[in-house]
Amino acid sequence: MNVRKVTMAGILFLAGMSGLRSQDPLHSHFFAHPLVLNPGMAGVEGPLKVQLGYRNQWPGAADAYATYHASMEQYVPGLQGGIGVHVMNDRMGGGVFNSTSLDLVYAYHLRVSHELTITGGFQASAGQKSLRTDGLVLPDELAGYAGPSLTGYSKWYPDFSVGFGVFRGSFYGGAAVHHLLEPYTSPSEDPNTRMNRRYTLHAGMLIPVYEKRFGTEMLLLNPNLVMVQQDIYQHLNYGLEVRYQNLAGGLWFRQDLRFSYGTLIFSAGYGNDTYRFRYSYDAGLSAPDLHIPSMGAHEFSMQIILENLYKSTRRRTIKCPKF
């Protein structure tokens, strides 16, 4: 049996056992998928947008994790808010562990003043988690012992989330709580298989840098802070994006609040009035004592804007990250 298969079996067993805690998949393109970040972000930019995303985590570990996103969102004047739909599929080990979710989102937009807009969002979801054991070889079986066995299953469950956003001038921020009811994700309803609540806080600014002589904008600086707490896991993400005309680049850092690990995230993108593309690479995703070849992550996102971003509409003066 080749080393790749042995390594994959060990990863699936260890990561699968911890995966029963039902944590959400990790991602680095927070604002390329605003419906994932916060239901209160639905429709804040205005036009109808289609968003696609793909993340390959631990690419050297025999397809350990792969996550796929697809979503649509738009502001609807008659509803005084934004609506959206989001589909996500998270696969581990080529589909041995598989999670799928369908989210329907509505966010009410309250224009308090010319400078201040507040949004409140609600999300209703249907989730499915499954385990396929056919063809799976566990570490004990590789050694010739009859160890613990895994039984395949498939479980559908309802889910609900809420969030709000605040947009004032060049500042934006918000908070969200996902998995309000902490649904069970396996038929056994073992407490360890409940989907833990996820708490998110985020804030950022858009800071234009002008050319002194002519007063034209040269660069747009976009610092951001995103903090995520789910069960005992904490992720503090902070970084700076820089936009020059249609190009964007950034550097982020991810860590827990005890500074016990760190991840550097390098990103670059291109965007115009119709298309936006972003690629990032995460370096150093594991704790120092966990050694798996090619630890890291590739992530790619694309947005398609299906109407003119600069169409004259009063409510579309909300400033928000575009990439």
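Heads up: the sequence shown begins at 111 in the numbering used here, then just goes up one per residue. Glycine included, each C-beta is placed from N, C-alpha and C at the ideal position. The structure presented is a predicted model; accordingly, all values stated were derived computationally and were not measured.
Rounded to whole angstroms, the separation of the alpha carbons of Gly170 and Phe274 is 38 Å. Annotation for Leu145: the continuous alpha helix (DSSP H) segment containing it runs Pro144 to Leu147. Excluding the 5 residues flanking it on each side, His196 has same chain C-beta neighbours closer than 6 Å at Leu145, Ser181 and Asp213, in chain order. Burial of His219 is indicated by the presence of at least 16 other C-beta atoms within 10 angstroms of its C-beta.
The beta carbons of Pro149 and Leu316 sit no closer together than 9 Å. For Met328, the uninterrupted beta strand (DSSP E) segment begins and ends at Glu327 to Gln340.
Taking C-beta atoms as the reference points, Asp300 and Tyr294 count as a pair closer than 9 Å.
The distance from the Cβ of Gly192 to that of Gly153 is about 2 Å, consistent with a contact at the 8 Å cut-off. Listed as beta-bridge partners of Val186 by DSSP are Gly191. In terms of Cα proximity to Lys429, the closest of Arg278, His137, Arg304 and Leu162 is Arg278. Following the DSSP letters along the chain, one finds Gln355 in no beta strand (DSSP E), marked with neither H nor E.
By the neighbour-count criterion, in which 16 or more other beta carbons inside 10 Å mark a residue as buried, Thr177 falls on the buried side.
A Cβ-Cβ contact shorter than 9 Å links Gly314 with Phe281.
Contiguous beta strand (DSSP E) elements confined to the stretch 156-181 occur at 159-167, taking only those with 3 or more residues.
Short of 6 Å from the beta carbon of Arg242, and not among the five residues preceding or following it, lie these beta carbons of its own chain, in chain order: Val206 and Gly262. In this structure, the straight-line span from the alpha carbon of Glu351 to that of Asp244 is close to 45 Å.
According to DSSP, Ile375 shares a beta bridge with Trp362 and Asp392. Asn208 carries a strand assignment under DSSP once its states are collapsed to helix, strand and coil. In terms of Cα proximity to Pro135, the closest of Lys265, Asn332, Tyr380 and Val338 is Val338. Closest in alpha carbon position to His408, among Glu417, Phe376 and Met151, is Phe376. Counting only the Cα atoms, Tyr164 lies some 21 Å from Tyr348. Under the DSSP assignment, His408 falls in the beta strand (DSSP E) whose first and last residues are Gly406 to Ile415.
Partner residues in a beta bridge of Asp383, as assigned by DSSP, do not exist. Ranking Ser296, Asp341 and Tyr267 by CA distance to the CA of Val287 puts Asp341 first.
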